[in-house]
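In the numbering used here, the protein residues as written are 70 to 215.
Think of the CB as a built atom: it goes at the ideal place given N, C-alpha and C, for glycine as much as any other residue.
Shown next, in structure tokens, is the structure this report addresses.
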């Protein structure tokens with residue numbers, strides 16, 4: 070890539086994936102790149118913020134291993150795992166809770182892997198007030214701060 074400028078860097082980077090032989094993988098990588106570049110431009114991402122994001126990813130990688138995928142947990146926390154389930158119209162396996170700022174850190178969290186004692190169960194229900202009336206759902210408002 071030569072003579073890179075704001076007006077051509079995204080196209081130049083996208084072209085670097087043209088050699089991928091699997092069409093779907095090429096499509097996914099080029100779309101990801103378009104959105105990632107768009108995000109950086111829209112938010113006017115700074116060097117310090119970019120380095121902080123890379124540091125976060127390195128820390129997640131450092132504590133991941135064969136039985137602990139921090140990137141899988143990140144996908145869950147961002148709601149991406151649930152979104153992919155919904156796009157595939159399959160029953161969701163990730164119901165939350167999503168990350169909440171200020172949540173308590175647990176040094177020894179429950180191990181959800183197979184082999185735990187007890188029976189698997191599915192609970193369904195409705196949340197009601199003291200008078201038995203269904204509580205109103207709070208609609209999600211994209212882009213609105215909590």
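Classify residue 131 as buried or exposed, calling it buried when 16 or more other Cβ atoms lie within 10 Å of its own Cβ.
-> Residue environment for residue 131: exposed (fewer than 16 other C-beta atoms within 10 angstroms of its C-beta).
Using the rule of at least 16 other Cβ atoms within 10 Å of the residue's Cβ for burial, across every protein chain shown, is residue 72 buried or exposed?
-> exposed
Return helix, strand or coil for residue 81, following the three-state DSSP convention.
-> helix
Residue environment, residue 145, which counts as buried when at least 16 other CB atoms sit within 10 Å = Per the 10 Å Cβ criterion, buried.
Rounded straight-line distance, which links the Cα of residue 119 to that of residue 142 | One C-alpha to the other measures close to 21 Å.
Return the CA-CA distance between residue 215 and residue 95, expressed in angstroms with no decimal places.
-> In this predicted model, residue 215 has a pLDDT of only 43, less than 50, meaning its place in the structure is not dependable enough to derive any value.
Check whether the Cβ atoms of residue 85 and residue 103 lie closer than 8 Å to each other.
-> no
Just the C-alpha distance for residue 190 and residue 111, rounded to the nearest angstrom, thanks.
-> 44 Å
For residue 203: DSSP bridge partner residues = 197
Relative to the alpha-carbon of residue 101, which residue among 116, 91, 79 and 90 has its alpha-carbon at the smallest distance?
-> Nearest option by C-alpha distance: 79.
Identify the residues that DSSP records as bridge partners of residue 137: which are they?
-> 134
Is the CB-CB distance between residue 140 and residue 133 below 8 Å?
-> In this structure, residue 133 lies closer than 8 Å to residue 140 by Cβ.
Where residue 206 and residue 198 are concerned, what is the direct C-alpha to C-alpha distance, given to the nearest angstrom?
-> Each residue's Cα considered, the two are about 12 Å apart.
Please state whether DSSP places residue 108 in a helix, a strand or coil.
-> helix
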